[in-house]
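*Asks:*
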Amino acid sequence: MKFFIDSANIDEIREAASLGIVDGVTTNPTLLAKEQGKPQDIFKQICEIVDGPVNAEVISLDWQGIVEEGRELAKIHSNIVIKIPMTKDGLKAVKVFASEGIKTNVTLIFSPIQALMAARAGATFVCPFVGRLDDITQDGMELIAQIKQIFDNYMLDTEIIVASIRHPMHVVESAMIGADIATIPFAVVEKMIKHPLTDIGIERFLADWEKVQKK
Ligand code: E4P
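If you want it as structure tokens, here you go:
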């Protein structure tokens, strides 16, 4: 499974990339609102750090506006993927982008039928949100399993990006199901590295090494 970093923070993205685990980046307006600078400049900087899909979300809601905005974003760098909310106009725009060879990510997916519609329209990626479903006591991971089965049934090329990840178990379960990508906040990446037995093990080795030195 590939890892994307779910962030618009340049320091976080640089740090995650230095771990050798980052295949791409997802951003959204909420993540961009936390950062200084214009979104276009942030996207440019991200593309210089990560050689992989960099998701930039459109704000327009009508399909002509989405297409116009997306074409401008696509000019920033060849790795830019146009992130489009799952709506009727969003699907129309996906169809246009697919015919122009511009990659798209249909976001805010909360049902398997939305994912199938997006894939049929020509989306490169779909972004089902597991955490936000869990928040309202619906099983987010069940949605991933359903989408995976449907895409496998019909050999659809659209890749599943598991989004709205809240903790390492979401990543483990995504990998068990066989999702293509997990987009992970940096705080969760840090948790994924840690294990208390690793820390205890290091402590013990260092304490024993002290004894070796005293010999
Ligand atoms: C990613 O593309 C999504 O925008 C993101 O994972 C949403 O996460 P949230 O539900 O924590 O805001």
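Residues 862 to 1076 (our numbering) are what the sequence shown spells out, left to right. A virtual CB, placed ideally from N, CA and C, is assigned to each residue, including glycine.
Assign phenylalanine 958 to one of two classes, buried (16 or more other C-beta atoms within 10 Å of its C-beta) or exposed (fewer than that).
*Replies:* For this step, residue 958 is matched to residue 97 along the sequence shown. Phenylalanine 958 should be labelled buried.
*Asks:* Run the CB neighbour count on methionine 978, radius 10 Å, all protein chains shown included, and call it buried at 16 or more, exposed below.
*Replies:* Your numbering for residue 978 matches position 117 in the sequence shown. Classification for methionine 978: buried.
*Asks:* Taking its Cβ as the centre, do 16 or more other Cβ atoms sit within 10 Å of lysine 1009, making it buried, or is it exposed?
*Replies:* Within the sequence shown, numbered from 1, the residue matching residue 1009 stands at position 148. Lysine 1009 comes out buried.
*Asks:* Go through its chain and collect everything with a Cβ distance to alanine 980's Cβ below 7 angstroms, but skip five positions before and after it.
*Replies:* One-based indexing of the sequence shown puts residue 980 at position 119. Cβ within range, chain order: Val987, Phe1012, Leu1017 and Thr1019.
*Asks:* Aspartate 912 to isoleucine 927, Cα distance in whole Å?
*Replies:* Here residue 912 refers to the residue found at position 51 when the sequence shown is read from its first residue. Here residue 927 refers to the residue found at position 66 when the sequence shown is read from its first residue. Cα to Cα, the separation comes out at about 25 angstroms.
*Asks:* Straight-line CA distance for serine 1035 to lysine 1076?
*Replies:* Within the sequence shown, numbered from 1, the residue matching residue 1035 stands at position 174. Within the sequence shown, numbered from 1, the residue matching residue 1076 stands at position 215. In a straight line, the C-alpha of serine 1035 is about 49 angstroms away from that of lysine 1076.
*Asks:* Closer than 8 angstroms by C-beta to isoleucine 937: which residues in its own chain qualify, once you throw out the five before and the five after it? Chain order, please.
*Replies:* On the sequence shown, position 76 is the one that residue 937 refers to. Once the five neighbours on either side are set aside, the close Cβ partners of isoleucine 937 are Gln901, Phe904, Lys905, Cys908 and Ala917.
*Asks:* Can you give the Cα-Cα distance for valine 942 and valine 955, rounded to whole angstroms?
*Replies:* Here residue 942 refers to the residue found at position 81 when the sequence shown is read from its first residue. Here residue 955 refers to the residue found at position 94 when the sequence shown is read from its first residue. Taking the straight line joining both Cα atoms gives about 11 angstroms.
*Asks:* Report the CB separation of isoleucine 1042 from valine 1023 in whole angstroms; it is logged as a contact under 8 angstroms.
*Replies:* The residue labelled residue 1042 in the question sits at position 181 within the sequence shown. The residue labelled residue 1023 in the question sits at position 162 within the sequence shown. The Cβ separation is near 7 angstroms, so the contact holds.
*Asks:* Cutting at 7 angstroms between CB atoms, please list the residues of its own chain near proline 946, excluding the five before and the five after it.
*Replies:* Taking the sequence shown and counting its residues from 1, the one referred to as residue 946 is at position 85. Excluding sequence neighbours, proline 946 sits near Thr968 and Leu969.
*Asks:* How would you call leucine 1004, buried or exposed, if buried means at least 16 neighbouring beta carbons within 10 angstroms?
*Replies:* One-based indexing of the sequence shown puts residue 1004 at position 143. Leucine 1004 comes out buried.
*Asks:* Taking only three categories from DSSP, how would you classify lysine 1055?
*Replies:* Taking the sequence shown and counting its residues from 1, the one referred to as residue 1055 is at position 194. Three-state DSSP puts lysine 1055 in coil, outside helix and strand.
*Asks:* Is threonine 867 a contact residue of ligand 1, with contact defined as CB to any heavy atom under 7 angstroms?
*Replies:* Sequence index remark: in the sequence shown, residue 867 carries index 6 (1-based). Correcting the residue identity first, residue 867 is aspartate in this sequence and not threonine. Yes, the Cβ of aspartate 867 comes within 7 angstroms of a heavy atom of ligand 1.
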